[in-house]
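Asker:
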Amino acid sequence: PYTTLFRSGLASYKGYFYVGFDLGNGKSKIIKYASTGRKISETKIMKLGHCAEISYQNKTGLLYISNGGVTATHIYVVNYNLSKTVKEYNYGNLGNSALLAIDNVHNYMILHTVTRGGDKGNPTVAIINLANMSKVASFKIKNAGVPQGLESDGRNIYLYTNNKTTVMDYKGKIASIYGVTQRGESEGITIATVKGKGMMVVG
Numbered sequence: 001p002y003t004t005l006f007r008s009g010l011a012s013y014k015g016y017f018y019v020g021f022d023l024g025n026g027k028s029k030i031i032k033y034a035s036t037g038r039k040i041s042e043t044k045i046m047k048l049g050h051c052a053e054i055s056y057q058n059k060t061g062l063l064y065i066s067n068g069g070v071t072a073t074h075i076y077v078v079n080y081n082l083s084k085t086v087k088e089y090n091y092g093n094l095g096n097s098a099l100l101a102i103d104n105v106h107n108y109m110i111l112h113t114v115t116r117g118g119d120k121g122n123p124t125v126a127i128i129n130l131a132n133m134s135k136v137a138s139f140k141i142k143n144a145g146v147p148q149g150l151e152s153d154g155r156n157i158y159l160y161t162n163n164k165t166t167v168m169d170y171k172g173k174i175a176s177i178y179g180v181t182q183r184g185e186s187e188g189i190t191i192a193t194v195k196g197k198g199m200m201v202v203g
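The sequence shown runs 1 to 203 under the working numbering.
Quick look at the structure:
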C-alpha cells in the first residue's frame, strides 16, 4: 500500500493528503500534500493539541481534528484555507486518547475515547450524527494497542494501533485484524484513491 511518514493525524480528499504536525505546547499545524509527496500549502500555527487524527467532511469541506493523547477530549472543526477553528466540541467527560473519523456516507462522526487507563484502557466508540450532534450508538471494545488512527467507509470502522488495523462493524463486532509492516511509530490512517486505486493509507 501507499504510505507516508508524518508526525500526527492524516486525512485525504480528492488526491490530496492533510497531515497534522504537533509543534508542542498545544500548538499544531496542518500541511497539504499531493499524492507524490509534493507540498502544496500549510496552515498557520493553531491551537489543536496533539492533532492526533484528522478527517475530511466532504459535505462542508471542513477538517475535523481530535487532540488525542493524555489531554481531555476536544474536537476542533477547522477551515483549512483560513487557518481558522470554526467550531470546538468539548467531550472531556469521555476521557482522553481521542481519535475520530468522519463517515461521509451517513454524515456521522465516529469518536474513540478512553475513560480510564489512557492508551492502555479499553476504549469506547461513539457514533454521532453531525446533523444534530446526537449520539446514534456507542459500544466498548477491548484495548488493541496504542490508539493511533481511526477511519470509516460508511460500513466498517478501522482502528489503527501500533502496526495493526482492527476492522469492526458499527456494533463493535470485529471482522478482521491485519498487520502493517512499517518501521517507526504508527500515526494516522485514511482511505484514499492513489493512482486510480482505492487504498488504505497509513503513517
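Think of the CB as a built atom: it goes at the ideal place given N, C-alpha and C, for glycine as much as any other residue.
Alpha carbon to alpha carbon, how far is GLY49 from GLY172?
Answerer: If you take the alpha carbons of GLY49 and GLY172, they lie about 28 Å apart.
Asker: Can you tell me whether GLY92 is helix, strand or coil according to DSSP?
Answerer: DSSP places GLY92 in helix when its eight states are reduced to three.
Asker: At 3 residues or longer, what runs of the beta strand (DSSP E) sit wholly inside the stretch 63 to 128?
Answerer: For the stretch 63 to 128, whole beta strand (DSSP E) runs of length 3 or above, ordered along the chain, are 74 to 79, 84 to 90, 96 to 103, 108 to 114.
Asker: Output needed for ALA175: all residues of its chain with C-beta closer than 6 Å, excluding positions within five of it in sequence on either side, in chain order.
Answerer: Excluding residues within five positions, the ones whose Cβ falls inside 6 Å are VAL167.
Asker: Is it true that the CB of SER8 sits closer than 9 Å to the CB of LYS44?
Answerer: It is not a contact, given that the beta carbons lie outside the stated cut-off.
Asker: Determine the closest residue to ALA72 out of THR85, TYR80, ALA98, with distance taken between C-alpha atoms.
Answerer: Per the Cα distances, ALA98.
Asker: For the stretch 106 to 121 against the stretch 63 to 77, are there 3 or more C-beta pairs whose distance is under 8 Å?
Answerer: The stretch 106 to 121, when compared against the stretch 63 to 77, does touch it at the 8 Å Cβ threshold.
Asker: From the DSSP output, read off the bridge partner residues of GLN148.
Answerer: DSSP lists no partner for GLN148.
Asker: Closer than 8 Å by C-beta to GLU88: which residues in its own chain qualify, once you throw out the five before and the five after it? Chain order, please.
Answerer: Counting only Cβ-Cβ distances below 8 Å, and skipping sequence neighbours, we find HIS74, ILE75, TYR76, VAL77.
Asker: Comparing the C-beta of LEU159 with each C-beta of chain C, is any distance below 9 Å?
Answerer: Absent from the structure is chain C; it holds one protein chain and no more.
Asker: Apart from the five residues on each side of it in sequence, which residues of its chain come closer than 7 Å, Cβ to Cβ, to VAL105?
Answerer: Taken in chain order, the residues that qualify are GLY154.
Asker: May I have the straight-line CA-CA distance separating PHE17 from TYR158, to the nearest angstrom?
Answerer: So the alpha carbons of these two residues sit roughly 18 Å apart.
Asker: Expressed to the nearest angstrom, what Euclidean distance is found between the alpha-carbon atoms of VAL180 and ASN96?
Answerer: Computed Cα separation, rounded: 25 Å.
Asker: Over what stretch of residues does the beta strand (DSSP E) that includes LEU10 continue unbroken?
Answerer: First-last of the beta strand (DSSP E) with LEU10: 10 to 13.
Asker: Would you mind reading off the limits of the beta strand (DSSP E) that contains ALA34?
Answerer: Note, ALA34: beta strand (DSSP E), 27 to 34.
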